[in-house]
C-alpha cells in the first residue's frame, strides 16, 4: 500500500522517447476481447461492406489492367494487368487497415467515447490499442484476400509462391495499422486525416511502383523509394505472385517485419499518453 | 473484504502545474452510499477517476477494495462497476448486445452473460427494448442501460458520475429506486452529484468538495445540522418599503443573505422570526418558512458566484 511520489508519476521523469517506446501494459487475451467487439459490430454491416470490396478491385483491374493495358506493350515481359495486380493487392491491404485505424478508431475514441467505456473494465488502453491493430489487420486480410481471389480469375497469378500472399497481406496490414493508429493517437481533430490520406497514402499509392516500374528512375528516387512502406509491400507481393522470387520476397518481408517491430509499441503508448491523464 | 471499500490518504492529482485534488482524506465504508458533492471543477470527477483506476494518482495513497488503486488496476476494475456521465454505449448494436459485449471484457462466459443480461434488462425495466438499437432510446433509458451494463460483472462497488443529470423527474426517481435496491443487495455506491436532493435521498454520508479540497464530511443530516440553521425564511421580491424592516431583522437571524430577488434568513427559531417578518408590509404569499437543506450548506461553503 505504501506509495511514493516517484512511483505514481508515470511520465514525469522520463524522456518523451523512452515513454513512447516503453514496454506497454498489454495482454493478448484482453486485446482479443476488443477484437471480438469490433468483429461483432462488423458482422452487423459486413454484407453492406463486402460488396464494394468485390467491386473496387474488379473496376481497377478492368480499367487499368485491361483498358489501359490494351494500349501498352508488355511491361517487363508481362501483360500490364499482371504487372499491376500484385501492387493492387498490397494497396487493398493498406486501405483495409488504414480506414479502420484512422476514421473508425478516431470516431470510436473521440465521439463515441468507446475507449473510455472499455478502460473502465479490466482492459488497459494498451490492450485497446493492440486489439484495434489486430482487428484492422483482420480487415486488411479480408480486403487483400478478396482482391487477390478476384484478381486470380484474371489469370494474374504466375507463381506457386502466391500461397504466401495472404501472409504478406497480413504483414502489410499490421504495418499500416501501426502507422495509422500512431497518427490517430496524436491528432486533435478528425480533419487532420485529410493530410494523412492526401500526403501519405495517395502519393504512396501512385509512386510505389504499382503502375510503372521504378528501375528506370534516377538512383536518388530509388533510394527514397526503398524507405517507402508501401513500396516494400508492392515488391513483396510482386515477388510472390508474379516473379516467384523467394529471395526478393524475403528481403521485403524482412524490411516490413523490422519496421513494424520497431514501431509496434508506439501507437499503444501514444494512445495511453492521450487518454490516461 | 477490507473494512473500508475505499480509503484515501493525502490523495493528490496534478495536471502539470494545476492541482485538481489537493491532498484529500476520506473513507468509504462497506455497504454505504457515499456522495461527492461540489460545483463543477471541484475535483469530484477527478477523484472518481482515480478510484476507478482510469487516472493515476499523483501523490498520496488510495486503496480500493483493499487493493492499490492504479497499481492493481486490472483487479480493481474487475470488481468495480462504472456508470459514466456521458453515454458511451456501442451505438451500432442492440441493447442486449451492448451488455454481452461488455461482459466479455470481464472474461464472463457467454452462457453466463446472456441470462445475466436478460435479468439486468428486467431490473432496469428495459426488457421490451432488448433488441432496439441505442439511437432509439431516450436519455433516461440510456442511463438505465449504462447502469445495467455496469452491473454485468456483479461489482462490489458501483461508481456513478452524476447518475441523473439531464433526466426527467420520472426517470430520476426510477434510477434512485434502482440504486437503493442495489444498496440493499450489499453493493457499495459511490456517486458524484450536484443535485443536493439526490444526495439527501440516497447518500448515507457525503463530502462537499471545493477547489480540490474536502470542506465537510458527514451524513446529510449531520452536515445540515452543523453547517446551516435548522430553518430558513425566504422572502421573494420584497417591495422597496419593506427593505428597511428586513434589514433590521438581520440581527435577529443567525445569518441573513440579501440576493438580487430575495432575502434569506437562517434561524434556529423559525416561528418567532416568521411573525416578525409577517408584520412587515409584504405580500404573504412571498414569504415562506422551510427547513435547512444541503443546498444551503453547499451554497454557504462554495459561494453563490459562478465558479467557471
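Residue numbers (the numbering used here), protein chains in the order written: chain A, 4 to 280; chain B, 583 to 890. Where a beta carbon is used, it is the ideal one built from N, C-alpha and C, also for glycine. Values in this document were obtained by computation on a predicted structure and should not be read as measured data.
6 angstroms CB neighbourhood of residue i in its chain, flanking five on each side removed
i             : result
residue 733/B : 663 and 702
residue 263/A : 177, 178 and 181
residue 239/A : 171, 252, 255 and 256
residue 241/A : 89
residue 615/B : 765, 771, 784, 785 and 786
residue 631/B : 637
Within 8 angstroms, strictly: CB atoms of residue i and residue j
i             : j             : result
residue 25/A  : residue 128/A : no
residue 68/A  : residue 87/A  : yes
residue 667/B : residue 743/B : yes
residue 123/A : residue 836/B : no
residue 640/B : residue 612/B : no
residue 255/A : residue 233/A : no
residue 85/A  : residue 162/A : no
residue 154/A : residue 60/A  : yes
residue 164/A : residue 249/A : yes
residue 269/A : residue 23/A  : yes
residue 826/B : residue 832/B : no
Contact with chain B by residue i, beta-carbon distance below 8 angstroms
i             : result
residue 125/A : yes
residue 269/A : no
residue 224/A : no
residue 39/A  : yes
residue 44/A  : yes
residue 112/A : no
residue 136/A : no
residue 119/A : yes
residue 36/A  : yes
Residues near residue i in its chain [Cβ-Cβ closer than 8 angstroms; skip 5 each side]
i             : result
residue 619/B : 626, 774, 775, 776, 778, 781, 788, 789, 790, 791, 876 and 880
residue 189/A : 273 and 277
residue 221/A : none
residue 864/B : 817, 820, 821 and 824
residue 682/B : 692, 695, 696 and 699
Residues bridged to residue i [DSSP beta-bridge criterion]
i             : result
residue 190/A : Looking at the DSSP assignment, residue 190/A forms no beta bridge with any residue, so it has no partner.
residue 597/B : 600/B
residue 818/B : 844/B
residue 213/A : Paired residue(s): none; residue 213/A is not in a bridge.
residue 774/B : 618/B and 743/B
residue 205/A : Paired residues: none, contrary to the question.
residue 792/B : 795/B
residue 644/B : 590/B
residue 813/B : 849/B and 873/B
residue 95/A  : The partner list for residue 95/A (beta bridge, DSSP) is empty, contrary to what the question assumes.
residue 838/B : 847/B
residue 81/A  : 78/A
residue 668/B : Beta-bridge pairing links residue 668/B to no other residue.
Buried versus exposed call for residue i [16 or more other C-beta atoms within 10 Å across all chains shown]
i             : result
residue 206/A : exposed
residue 218/A : exposed
residue 10/A  : Residue placement at residue 10/A is poorly supported in this model, since its pLDDT is 45, which falls under 50; the coordinates still yield a value, given next. So residue 10/A counts as exposed.
residue 845/B : buried
residue 229/A : exposed
residue 41/A  : buried
residue 197/A : exposed
residue 114/A : exposed
residue 710/B : exposed
residue 226/A : exposed
residue 110/A : exposed
residue 36/A  : buried
residue 716/B : buried
residue 49/A  : exposed
residue 622/B : exposed
residue 260/A : exposed
Chain A contact for residue i (CB, 8 angstroms cutoff)
i             : result
residue 597/B : yes
residue 711/B : no
residue 535/B : The displayed coordinates of chain B run from 583 to 890. Any statement about residue 535/B would go beyond what the structure contains.
residue 637/B : yes
residue 577/B : Because chain B spans 583 through 890 in this model, residue 577/B falls outside it and cannot be assessed.
residue 679/B : yes
residue 670/B : yes
residue 585/B : no
residue 634/B : yes
residue 688/B : yes
Neighbourhood of residue i by C-beta distance below 7 angstroms, restricted to the same chain and skipping five residues each side
i             : result
residue 654/B : none
residue 597/B : none
residue 750/B : 722
residue 98/A  : 146
residue 795/B : 604 and 606
residue 714/B : 676 and 677
Amino acids of chain D, ordered along the chain, whose beta-carbon sits closer than 7 angstroms to that of residue i
i             : result
residue 115/A : Absent from the structure: chain D. Protein chains present are A and B.
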